[in-house]
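To start, the structure under review is shown below, and the notes come after it.
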Amino acid sequence: MRADKKRVSLESPGMRRIRNVISHAREPIDAEEIAKRAHVGIRTFSANYQQILIAEDVMHVAAWRRNVRGPFIPLFAYGPGKPAKKPERLTEAQICKAWKER
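Take the position in the sequence shown, starting the count at 1, then add 23; the result is the number in our numbering.
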């Protein structure tokens, strides 16, 4: 039998630091930068805190940034809000064209 996951309190020290970082950011900020500024591990933030903060309307996905390789990167903003729509993947033709133009 699997034990239930322990729920993290919004008032825990790590959560308070994360809320402080997000609330003072002037523009949307990515998960790595949030974790770095709040002094928590990126895996701890991504696996535990991120979903809780979104569910509690403390933050929302404000925008998406195109990554050099791999999936799009969500950028978070403080407070409740409508999540930004994730952009469509580039086709192979678009990728080749962008490479040629560089």
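We treat Cβ as the ideally placed atom computed from N, Cα and C, and that holds for glycine.
Note that the structure is predicted; figures quoted are calculated from it, not measured.
- Under the 8 Å Cβ criterion, the segment 38 to 52 counts as touching the segment 60 to 76, having at least three qualifying pairs.
- Per DSSP, L33 has no beta bridge partner at all.
- Residue state for V44 is assigned as helix, using DSSP reduced to three classes.
- K59 and R89 have their C-alpha atoms spaced approximately 20 Å apart.
- Taking K109 as the centre and dropping the five residues before and after it, the same chain places the C-beta of W87, F95 closer than 7 Å to its C-beta, in chain order.
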